[in-house]
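Going down the list, the sequences are from chains A and B.
Under my numbering, think of the first position of the first sequence as 1, with each following residue one higher.
Under my numbering, think of the first position of the second sequence as 253, with each following residue one higher.
Below you'll find the structure, written out as structure tokens, and then a few comments.
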Amino acid sequence: MIAFDSVSLCLNNRNILKNISFMINRGETAVLVGSSGAGKSTILRLILGLLKPSSGRILIMGRDIVPLSEKELNPIRRKFSLVFQSGALFDSLTLEQNVGFFLAENSNLSPQEIHDQVSDIMKFFGLENFMHYYPAQISGGMRKRVSIARAVVTRPEVLLYDEPTAGLDPLAAKKVVHLIDQLQQRFNVTSLIVTHEIHHFANVVNRMMMLKNGIISYDGGFDLSILEAFEETESPVECIPEEEGIYADIRE
Amino acid sequence: MKVIYSKIVTKWLSEIWSALKFTFRTLLNFRQIFRYRAETIKQLYILGNQGLALVILSTVFISIVLTLETGKKIEPFGAKLMLGRVVVIAVLRELGPLITGLMMAGRIGAKIVSEIGNMVLTEQVDALRAYGTDPIKRLIAPRVFAAFAVMLPLTFIADALGIIAGSFSAITLLDVDFDFFWISVKQGPSIKDLLVGISKPPFFGLLIGMISAYLGYNLKGGSEGLGLAATKAVMYTSIGVLLMDFLLTIIIISFF
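Printed below as a string of structure tokens:
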């Protein structure tokens, strides 16, 4: 479903990703672990074509998305949903409008049908009493739930979570993890969870990948002993691409 | 040294190329305003409403001062009866459009850049892209179109109030006879003057909308970058309006 083939990414003279390859199959729930700044969120952006790699191929449902234009990427992106770390809710819209936004944008449903679907999903997330609130009026945990509700309402084939428990108190984090688990069971979607708080997801995922120094250092089943051995600190290696002649001139 | 210059030139050229592509894409997507009509109407209302008071106040006061200064200078030559004509031509051809342009450059420029920039910073723009919605269609085109469309009505209001304020200044402060002033006003402008005046504001609006939307959309550097982009937007749009006014005047004078 998602395949990275020798993907490298160099941003601002830093080698973020170094020749990484992995594959996520349909129906799988994988977690990608790594310390802050390791490039975990970058991988999500690469999957959606929001960033282009320096080299390598990214295959989504068998199609290489690297050479595609924004216009060509849009239909592929509609099969995915990304839960942003910050929530990325639209400030000027109510929670109901936020959740229904992409249904209104990308489907032919009538306003009444959209309202019904949004009401259903908001009830599932325990948000039915906050439909007319604005994002600024609710807590961080609720914003995260709204963000997940917005992601699932479009019935995506793949759900990508960017640090879904970051910044939440233990109770709110537990609630969010429970919701993710319920969603997996209800919709059986392919999921990739990016986090550095892996302990929350021990019972949810069936595969674990570790990103360290720009490479996938572990790819296999969930294993606590490997996690314990995982070093928390890493620093991206500085790189100056040889082909950029201007740097060569400066060095001289 | 040569290397540094070439680096700067390359950076400028790539920035200009990127701005041109952005402009082209936005103009191509103007047809999307019908799809996003609610958003476009909202932006028209916000931009018009927010700029109106500023445009009215500045035009009225500048027109009063212009009339007073001109009246005092032409009085020794016995040309006070020409005052209405001078005022109306100055307001219609230059003052109305230019003041509206400059005031809206500050107002719209800062508003669009901070709004779009904040959406970039809080990943709302990325959210649109991630879900397969083109931000140029959904966010940029309605705002730039609103900036383009709102300028002409505001200029009409500025023109009308500028002339009324001029007449008030002439009649009350310079003791010019009411009838003489208005006869002079009616004899003053030609259709050409009016056309010259109304040909400029849409270009000003397009320029203001495009520059500020580009700066907001390509924002980098967090909240500090947002402050910098807002300052840049006001500066670039104001200079842009003055330059465009100069160029359009040259073109109009050469061809008409």
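The beta-carbon is built from N, C-alpha and C at its ideal position, and this holds for glycine as well.
Next on the checklist: Distance cutoff 8 Å, beta carbons only. Does Ala149 of chain A sit that close to anything in chain B?
Outcome noted: By 1-based counting over the first sequence, the position of residue 149 of chain A is 149. No, Ala149 of chain A does not count as interfacial toward chain B.
Checklist entry - Can you give the beta carbon distance from Arg150 of chain A to Asn106 of chain A, rounded, assuming they're within the 8 Å contact cut? => result Counting from one through the first sequence, the residue named residue 150 of chain A turns up at place 150. Counting from one through the first sequence, the residue named residue 106 of chain A turns up at place 106. Arg150 of chain A to Asn106 of chain A, Cβ: 12 Å. No contact.
Next on the checklist: With a threshold of 8 Å between beta carbons, is Ser266 of chain B in contact with chain A?
Outcome noted: Within the second sequence, numbered from 1, the residue matching residue 266 of chain B stands at position 14. Ser266 of chain B does not count as touching chain A.
Checklist entry - Using the beta-carbon of each residue, which ones in chain B are nearer than 9 Å to Pro75 of chain A? => result Walking along the first sequence from the start, residue 75 of chain A turns up at place 75. Correct list: Gly384.
Checklist entry - With distances taken from CA atoms, which of B:Gly474, B:Ser315, B:Ile450 is nearest Gly414 of chain B? => result Stepping through the second sequence from its first residue, residue 414 of chain B is reached at position 162. The shortest C-alpha separation from Gly414 of chain B is found at B:Ser315.
Item to check | Three-state class that DSSP yields for Phe90 of chain A in the structure shown | outcome: As a position in the first sequence, residue 90 of chain A is number 90, starting the count at 1. Phe90 of chain A falls in the coil class under three-state DSSP.
Checklist entry - Under 8 Å Cβ-Cβ, which residues of chain B neighbour Arg78 of chain A? => result For the purposes of this step, residue 78 of chain A is taken as residue 78 along the first sequence, with counting starting at 1. The contacting residues are Tyr383, Gly384.
Checklist entry - Between the beta-carbon of Ile285 of chain B and the beta-carbon of Pro394 of chain B, is there less than 8 Å? => result Locating residue 285 of chain B in the second sequence gives position 33, where the first residue counts as 1. Locating residue 394 of chain B in the second sequence gives position 142, where the first residue counts as 1. Against a cut-off of 8 Å, the Cβ pair of Pro394 of chain B and Ile285 of chain B comes out as a contact.
Item to check | Proximal residues of chain A, C-beta to C-beta of Thr374 of chain B below 8 Å | outcome: As a working note, residue 374 of chain B is residue 122 in the second sequence. Listed by position along chain A, the residues whose Cβ is nearer than 8 Å to that of Thr374 of chain B are Ser86, Ala88, Asp91.
Item to check | Residue from A:Ala202, A:Leu68, A:Pro53 with nearest C-alpha to Ser225 of chain A | outcome: Looking up residue 225 of chain A in the first sequence gives position 225. Nearest neighbour of Ser225 of chain A by Cα position, chosen from A:Ala202, A:Leu68, A:Pro53, turns out to be A:Ala202.
Checklist entry - Applying a beta-carbon distance threshold of less than 7 Å, which residues of chain A neighbour Ala379 of chain B? => result The residue given as residue 379 of chain B occupies position 127 in the second sequence. Simply Phe84, Ala88.
Next on the checklist: Can you tell me whether Pro156 of chain A is buried or exposed? The criterion is at least 16 other CB atoms within 10 Å of its CB, across all chains shown.
Outcome noted: The count along the first sequence starts at 1 and reaches residue 156 of chain A at position 156. That one is buried.
Next on the checklist: Taking 8 Å as the threshold (beta carbon to beta carbon), is Glu96 of chain A in contact with chain B?
Outcome noted: If you number the first sequence from 1, residue 96 of chain A lands on position 96. With its beta carbon at least 8 Å from every one in chain B, Glu96 of chain A lies outside the interface.
Checklist entry - For Gln439 of chain B, does the count of other Cβ atoms within 10 angstroms reach 16, so buried, or fall short, so exposed? => result As a working mapping, residue 439 of chain B is identified with position 187 in the second sequence. Taking all protein chains shown into account, Gln439 of chain B has fewer than 16 neighbouring C-beta atoms within 10 Å of its C-beta and is therefore exposed.
Checklist entry - Is it the case that the Cβ atoms of Leu471 of chain B and Ala485 of chain B are separated by a distance below 8 Å? => result Along the second sequence, read from residue 1 onward, the residue named residue 471 of chain B stands at position 219. Along the second sequence, read from residue 1 onward, the residue named residue 485 of chain B stands at position 233. Not in contact: Leu471 of chain B and Ala485 of chain B (Cβ atoms no closer than 8 Å).
Next on the checklist: Please give the ranges of any alpha helix (DSSP H) in the segment 130 to 173 of chain A, keeping only runs that are unbroken, at least 4 residues long and fully inside the region.
Outcome noted: Those alpha helix (DSSP H) runs which fall completely within the segment 130 to 173 of chain A and span 4+ residues are 140 to 153.
Checklist entry - Roughly how many whole angstroms lie between the Cα atoms of Glu234 of chain A and Leu168 of chain A? => result Taking the first sequence and counting its residues from 1, one reaches residue 234 of chain A at position 234. Taking the first sequence and counting its residues from 1, one reaches residue 168 of chain A at position 168. Any reading at Glu234 of chain A needs caution, since the residue's pLDDT is 46, under 50, leaving its predicted position unreliable; the model's value is listed next. Approximately 24 Å, taken between the alpha carbons.
Next on the checklist: Can you check whether the C-beta of Met1 of chain A is within less than 8 Å of a C-beta belonging to chain B?
Outcome noted: Along the first sequence, read from residue 1 onward, the residue named residue 1 of chain A stands at position 1. The C-beta of Met1 of chain A comes no closer than 8 Å to any C-beta of chain B.
Checklist entry - Touching or not, the segment 372 to 382 of chain B and the segment 460 to 479 of chain B, by the rule of three or more beta carbon pairs under 8 Å? => result Contact holds: three or more Cβ-Cβ distances are below 8 Å.
Item to check | C-alpha gap between Phe433 of chain B and Leu425 of chain B, whole angstroms | outcome: For the purposes of this step, residue 433 of chain B is taken as residue 181 along the second sequence, with counting starting at 1. For the purposes of this step, residue 425 of chain B is taken as residue 173 along the second sequence, with counting starting at 1. So the two alpha carbons sit approximately 13 Å from each other.
Next on the checklist: For the pair the segment 274 to 294 of chain B and the segment 304 to 315 of chain B, tell me if three or more CB-CB distances fall below 8 Å.
Outcome noted: Judged by Cβ distances under 8 Å, the segment 274 to 294 of chain B makes no contact with the segment 304 to 315 of chain B, as fewer than three pairs qualify.
Next on the checklist: Let me confirm a value: Arg289 of chain B is counted as buried when at least 16 other C-beta atoms fall within 10 Å, else exposed. Which label applies?
Outcome noted: Residue mapping note: residue 289 of chain B aligns to position 37 of the second sequence, counting from 1. By the neighbour-count criterion, in which a residue is buried when 16 or more other Cβ atoms sit within 10 angstroms of its Cβ, Arg289 of chain B is exposed.
Checklist entry - Which partner residues of Leu22 of chain A appear in the DSSP bridge assignment? => result Taking the first residue of the first sequence as position 1, residue 22 of chain A is located at position 22. The sequence shown places Phe at residue 22 of chain A, not Leu. As a beta-bridge residue in DSSP terms, Phe22 of chain A pairs with A:Phe4.
Next on the checklist: Within 10 Å of its beta-carbon, does Thr154 of chain A have 16 or more other beta-carbons around it, so buried, or fewer, so exposed?
Outcome noted: In the first sequence, residue 154 of chain A corresponds to position 154, counting from 1. Flag for Thr154 of chain A reads buried.
Checklist entry - Per the contact definition of three or more C-beta pairs closer than 8 Å, is the segment 295 to 302 of chain B in contact with the segment 400 to 407 of chain B? => result By the C-beta criterion, the segment 400 to 407 of chain B is judged to be in contact with the segment 295 to 302 of chain B, since at least 3 inter-stretch pairs fall below 8 Å.
Checklist entry - What is the DSSP secondary structure of Lys212 of chain A, counted as helix, strand or coil? => result Looking up residue 212 of chain A in the first sequence gives position 212. In this structure, Lys212 of chain A counts as strand in the three-state DSSP scheme.
Checklist entry - Can the beta-carbon of Arg57 of chain A be found less than 8 Å from the beta-carbon of Leu51 of chain A? => result Position 57 of the first sequence, counted from the start, is the residue given in the question as residue 57 of chain A. Position 51 of the first sequence, counted from the start, is the residue given in the question as residue 51 of chain A. For the 8 Å CB-CB criterion, Arg57 of chain A and Leu51 of chain A do not form a contact.
Checklist entry - Under the rule that 16 or more other beta-carbon atoms within 10 Å means buried, what is Glu267 of chain B, buried or exposed? => result Reading the second sequence from its first residue, position 15 is the one you call residue 267 of chain B. By the Cβ neighbour-count rule, Glu267 of chain B is exposed, with fewer than 16 other Cβ atoms within 10 Å of its own.
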